[in-house]
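Q:
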Amino acid sequence: MNETRTDIDNRVFLISGGTSGVGKAIATGLARLGAKVVIISRSAERGQAALKDILEATGNSRGDWLAADLSLQSSIREVSDVFKRKYDQLHVLINACGAVYFKKELTTDGIDRMFAVNVHSHYLLTNRLLDILQESGPARVITVSGNPRFLKNPVINFDDIQMERQYSTMRASSQSLFARTLFAFELAKRLEGTGVTSNAFYPGFVKSNLARNAPWYLRAAAPLLNARVKAECGIGVYLASAKEIERANGVFFDDKKQIVPIHTKFDARAGKKLWTLCEGLKRY
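Here the numbering used here is used: the first residue of the sequence shown is 1047, the next is one more, and so on.
As structure tokens, this is what we get:
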């Protein structure tokens, strides 16, 4: 059974990547339950447009947005500080932002942009909000991952995780998928006994905007692909709100709410390596 309406009313949900794709689908589903949803948007225009869509779809006017470029560490630090000034509680953090870049790009922090958005933003945002999550406990962090069939052999090349030697969109995308999934598992270990849990999940085929950085011929095909996928993300809403999984930690769920033992696919030392690497990429 999902949490009651009263429980949802009293909880705050923060969603990165909440203006499109999986993030927006989860925000809409939670808003439909009456939740207080805060989305992180790159601009005021996109944030306001997303909240207007959510309001029209659900009738829930409690939504809010905060502006941040999640590829930039200074922006992540700022948005986390702004959130804590505006809100004194955070019950669920949903790491849903993601992007695919078809050529090598570096952020002003000197980090590969795909890795910065898909992995390091989750690491930095989550760690900056851990204090308010723990104070609000029981609380949850859920991180969007990929199809389990792509995670059968999740080997991470820590010596070239940012594709500095030879850039390949496919390999960079795979590396970031493996790393963000591993992040969720390593976070779960570090959160044991704190009242905060961390899980990863595959959202299924949800309409997204990932092709926005693609070559024109791939962008042209996107509407045809999106016409065949769903606009809702039931598994994301379930993981964010269901009472019966409140204590689940370090688990991977597929889009059918089934637990998949993905954590066993990773090298036992990989999580600590990733944590150390992400910590080393922080710019103060």
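Quick reminder that beta carbons are idealized off the backbone N, C-alpha and C, glycines included.
Is it right to say T1074 is buried, meaning 16 or more other beta carbons lie within 10 angstroms of its own, or is it exposed?
A: Mapped onto the sequence shown, residue 1074 falls at position 28. Buried is the call here.
Q: At the level of alpha carbons, what is the spacing between V1201 and Q1221?
A: Taking the first residue of the sequence shown as position 1, residue 1201 is located at position 155. Taking the first residue of the sequence shown as position 1, residue 1221 is located at position 175. Whole-angstrom Cα-Cα distance: 8 angstroms.
Q: Can you list, in chain order, the residues of its chain whose CB lies under 7 angstroms from that of Y1076, leaving out five sequence neighbours each side?
A: Here residue 1076 corresponds to residue number 30 of the sequence shown, with the count starting at 1. Correcting the residue identity first, residue 1076 is Leu in this sequence and not Tyr. If we look at L1076 and ignore the five residues flanking it on each side, its Cβ neighbours are F1059, V1083, V1283, A1286, S1287.
Q: In the DSSP output, what is K1149 paired with across the bridge?
A: Looking up residue 1149 in the sequence shown gives position 103. BP columns for K1149 are empty, so no partner.
Q: Mind checking which residues open and close the beta strand (DSSP E) that includes I1086?
A: Stepping through the sequence shown from its first residue, residue 1086 is reached at position 40. Run containing I1086: 1082 to 1087, per the beta strand (DSSP E) assignment.
Q: How is the alpha helix (DSSP H) around R1131 delimited, first residue to last?
A: Position 85 of the sequence shown, counted from the first residue, corresponds to residue 1131. Per DSSP, R1131 belongs to the alpha helix (DSSP H) from 1119 to 1132.
Q: Looking at V1187 and A1142, is the spacing between their C-beta atoms short of 8 angstroms?
A: Counting from 1 along the sequence shown, the entry for residue 1142 is found at position 96. Counting from 1 along the sequence shown, the entry for residue 1187 is found at position 141. No, they are not a contact pair.
Q: Going by DSSP, what residues sit across from F1247 in a beta bridge?
A: Sequence index remark: in the sequence shown, residue 1247 carries index 201 (1-based). Beta-bridge pairing links F1247 to V1190, F1299.
Q: For L1270, count neighbouring Cβ atoms within 10 angstroms of its own Cβ and tell me buried if that reaches 16, exposed if not.
A: The residue you call residue 1270 lines up with position 224 of the sequence shown. Residue placement at L1270 cannot be trusted, given a pLDDT of 42 that sits under 50; what the coordinates show is reported in the next sentence. Under this definition L1270 is an exposed residue.
Q: With DSSP collapsed to three states, give me the class of I1202.
A: Sequence index remark: in the sequence shown, residue 1202 carries index 156 (1-based). The answer is coil: DSSP assigns I1202 none of H, G, I, E or B.
Q: Using 10 angstroms around the beta-carbon of L1112, count the other beta-carbons present and answer buried if the total reaches 16, otherwise exposed.
A: Along the sequence shown, read from residue 1 onward, the residue named residue 1112 stands at position 66. The residue is buried, with at least 16 neighbouring Cβ atoms inside 10 Å.
Q: Between G1250, T1153, A1114, L1327, which has its C-alpha nearest F1196's C-alpha?
A: If you number the sequence shown from 1, residue 1196 lands on position 150. Nearest of G1250, T1153, A1114, L1327 to F1196, Cα basis: G1250.
Q: Under 8 angstroms, do T1153 and L1233 count as touching if we go by C-beta distance?
A: Taking the first residue of the sequence shown as position 1, residue 1153 is located at position 107. Taking the first residue of the sequence shown as position 1, residue 1233 is located at position 187. Going by C-beta atoms, T1153 is not nearer than 8 angstroms to L1233.
Q: Output needed for L1118: all residues of its chain with C-beta closer than 7 angstroms, excluding positions within five of it in sequence on either side, in chain order.
A: Within the sequence shown, numbered from 1, the residue matching residue 1118 stands at position 72. Cβ neighbours of L1118 beyond the five flanking positions: T1153, T1154, D1155.
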